[in-house]
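K.L.:
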Amino acid sequence: MNHLFPSGWEQFLIGGFSIGIGVSLMFVATGRVVGLSSFFSSSLSWFSKLPFLQQPSLVDSRVWRLACALGLIIGAMLWAHYFNPAIYLSNGISPLQLLIGGTLVGFGSRLSNGCTSGHGICGISSLSLPSLVAVMIFMGFAIATALIMSLLNGGLL
Amino acid sequence: MKSLMNLIIMLIGGAFFGFGLAESGMVSPRVVLQFLTLKDFGLLLVMGGAIAVTLLFYQLTPRLLRKPLLDGSFDKRVLELDSKVIIGSALFGIGWGISGICPGPAIAALGIGNFEVIWTLIGIFLGAYLQALWASRNSKQCLA
Chain A
145 MNHLFPSGWE
155 QFLIGGFSIG
165 IGVSLMFVAT
175 GRVVGLSSFF
185 SSSLSWFSKL
195 PFLQQPSLVD
205 SRVWRLACAL
215 GLIIGAMLWA
225 HYFNPAIYLS
235 NGISPLQLLI
245 GGTLVGFGSR
255 LSNGCTSGHG
265 ICGISSLSLP
275 SLVAVMIFMG
285 FAIATALIMS
295 LLNGGLL
Chain B
7 MKSLMNLIIM
17 LIGGAFFGFG
27 LAESGMVSPR
37 VVLQFLTLKD
47 FGLLLVMGGA
57 IAVTLLFYQL
67 TPRLLRKPLL
77 DGSFDKRVLE
87 LDSKVIIGSA
97 LFGIGWGISG
107 ICPGPAIAAL
117 GIGNFEVIWT
127 LIGIFLGAYL
137 QALWASRNSK
147 QCLA
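Quick mapping for you: the protein sequence lines, in order, are chains A and B.
The numbering of the first sequence is this note's numbering, which starts it at 145 and goes up by one.
The numbering of the second sequence is this note's numbering, which starts it at 7 and goes up by one.
#1: Between which two residues does the alpha helix (DSSP H) containing N297/A stretch?
#2: In chain order, what residues of the same chain lie with their CB nearer than 7 Å to the CB of A114/B, ignoring the 5 residues before and after it?
#3: The alpha helix (DSSP H) that contains N146/A, what's its start and end?
#4: Using a Cβ-Cβ cut-off of 7 Å (strictly less than) and excluding sequence neighbours within five positions of S185/A, which residues of its own chain qualify?
#5: Taking all protein chains shown into account, decide if I231/A is buried (16 or more other Cβ within 10 angstroms of its Cβ) or exposed.
#6: How about E86/B: is its Cβ closer than 7 Å to a heavy atom in the ligand GDP?
#7: Could you have a look at E154/A and say whether DSSP puts it in helix, strand or coil?
#8: Given L180/A, which residues of its chain have a CB within under 6 Å of its CB, disregarding the five upstream and five downstream residues?
#9: Assign N144/B to one of two classes, buried (16 or more other C-beta atoms within 10 Å of its C-beta) or exposed (fewer than that).
#10: Rank N257/A, P150/A, W223/A by C-alpha distance to the C-alpha of S89/B and give the top, closest one.
#11: Indicate the three-state DSSP secondary structure (helix, strand or coil) for G106/B in the structure shown.
#12: For L149/B, which of helix, strand or coil comes out of DSSP?
#13: Quick check: the Cα distance between G106/B and I244/A, rounded to an integer number of angstroms?
#14: Give every residue of the same chain whose Cβ lies closer than 6 Å to the Cβ of M7/B, excluding the five residues on either side of it in the sequence, and list them in chain order.
#15: When we look at the beta-carbon of M280/A and count the other beta-carbons within 10 Å, is it buried (16 or more) or exposed?
#16: If the cut-off is 9 Å on Cβ atoms, which residues from the region 211-237 of chain A count as contacting chain B, listed in chain order?
#17: Let me see if you follow: with CB-CB separation under 8 Å, is P200/A close to chain B or not?
#18: How long is the line joining the alpha carbons of K193/A and L136/B, rounded to whole angstroms?
#19: Looking at P229/A and E122/B, is the spacing between their C-beta atoms short of 8 Å?
#20: Buried or exposed for D46/B, please, with buried defined as at least 16 other CB atoms from any protein chain shown within 10 angstroms of its CB.
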């Protein structure tokens, strides 16, 4: 067990359950299947007249997607209020890496219609085969990329 | 009144989500990259725990309730497996491997005060905009 989970396992499982409770609450109360990458497109619809961004599914959902994003921040703030966030504040990678990675994350997740939450949590829980394929592809590429990056950085990570 | 309740639910649901992302360390690129470089398999427990709960509610609720508690209907996630899903997922994976941050944690990281992750947030908005630009141009070509 210890070599698989050198930093313990409880926080991961509790965190996962909490995420599942949030996603389930939104579904039971409103019927919505909520992935988080759509928030970025739906919020852009306030600022851009691009036809893709003005599609009803994005414009009609932008207010509640914003509410959900605010909730994410509040939930993380609550956690930081009760526990010590210091261990999660040093990132160990450069801002440029964060920016370039983020741009690919934004483009890719919007192109494929989902991210770790949309395909990973919601898609698999909906027993969607395309989402399962998406998860296997992005996990594979993410692991390969991270291993290559860590080799290039001299295995610092 | 109903639409206000709706927003409050999204806020509370989001808060559970954000709390979980912080508790599990997903808000830290360092923790995520430990997983992606196969040094710590904890993120499998995060995904597994989240899916175990969600699967139960996604599958049972529509069988037990005729409609969601606050009205409306239960969404079905319909998606076709096409080249966009495959290419998009590959690009997303590469970006996730570079930055260690995916869309949910990019937002939640603000809540724990990891403000460096704003770079990723800017990147995701930029990427989402480029995708919209690309998609809008493509659909115009289809119409013409």
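For glycine and all other residues, C-beta sits at the position ideal for the given N, C-alpha and C.
P.N.:
Taking the structure as given:
#1: Within the first sequence, residue 297/A is the residue found at index 153, counting from 1. No alpha helix (DSSP H) holds N297/A; DSSP gives it neither H nor E.
#2: Along the second sequence, read from residue 1 onward, the residue named residue 114/B stands at position 108. Counting only Cβ-Cβ distances below 7 Å, and skipping sequence neighbours, we find G24, L27, A28, V33.
#3: One-based indexing of the first sequence puts residue 146/A at position 2. Premise fails: N146/A is in no alpha helix (DSSP H) and is neither H nor E.
#4: For the purposes of this step, residue 185/A is taken as the residue at position 41 of the first sequence. The beta carbon of S185/A sits closer than 7 Å to those of L197, L202, R254, all from its chain and outside the five residues before and after it, given in chain order.
#5: Your numbering for residue 231/A matches position 87 in the first sequence. Taking all protein chains shown into account, I231/A has fewer than 16 neighbouring C-beta atoms within 10 Å of its C-beta and is therefore exposed.
#6: With respect to the ligand GDP, the structure shown offers nothing to examine, as it has no ligands at all.
#7: The residue you call residue 154/A lines up with position 10 of the first sequence. Look at E154/A here: in three-state DSSP terms it is helix.
#8: Against the first sequence, residue 180/A aligns to sequence position 36. Closer than 6 Å at Cβ, skipping near neighbours: S261.
#9: To locate residue 144/B, count along the second sequence from 1; it is residue 138. N144/B is classed as exposed because its beta carbon has fewer than 16 other beta carbons within 10 Å across all chains shown.
#10: Counted from its first residue, the second sequence places residue 89/B at position 83. Shortest Cα-Cα distance from S89/B to any of N257/A, P150/A, W223/A involves N257/A.
#11: By one-based count along the second sequence, residue 106/B stands at place 100. Residue state, collapsed to three classes: coil.
#12: In the second sequence, the residue the question calls residue 149/B occupies position 143. Its pLDDT being 47, under 50, L149/B is placed unreliably by the model, and nothing is read from it.
#13: Stepping through the second sequence from its first residue, residue 106/B is reached at position 100. Stepping through the first sequence from its first residue, residue 244/A is reached at position 100. For G106/B and I244/A, the distance between alpha carbons rounds to 11 Å.
#14: Counted from its first residue, the second sequence places residue 7/B at position 1. Contacts found: none.
#15: Residue 280/A sits at position 136 when you count from the first residue of the first sequence. Result: exposed.
#16: Those residues of the region 211-237 of chain A that come within reach of chain B (Cβ to Cβ, closer than 9 Å) are A211, C212, A213, L214, G215, L216, I217, I218, G219, A220, M221, L222, W223, A224, F227, P229, I231, Y232, L233, S234, N235, G236, I237.
#17: The count along the first sequence starts at 1 and reaches residue 200/A at position 56. Not an interface residue.
#18: Taking the first sequence and counting its residues from 1, one reaches residue 193/A at position 49. Taking the second sequence and counting its residues from 1, one reaches residue 136/B at position 130. Going from the Cα of K193/A to the Cα of L136/B covers about 13 Å.
#19: Walking along the second sequence from the start, residue 122/B turns up at place 116. Walking along the first sequence from the start, residue 229/A turns up at place 85. Against a cut-off of 8 Å, the Cβ pair of P229/A and E122/B comes out as no contact.
#20: Indexing the second sequence from 1 puts residue 46/B at position 40. Per the 10 Å Cβ criterion, buried.
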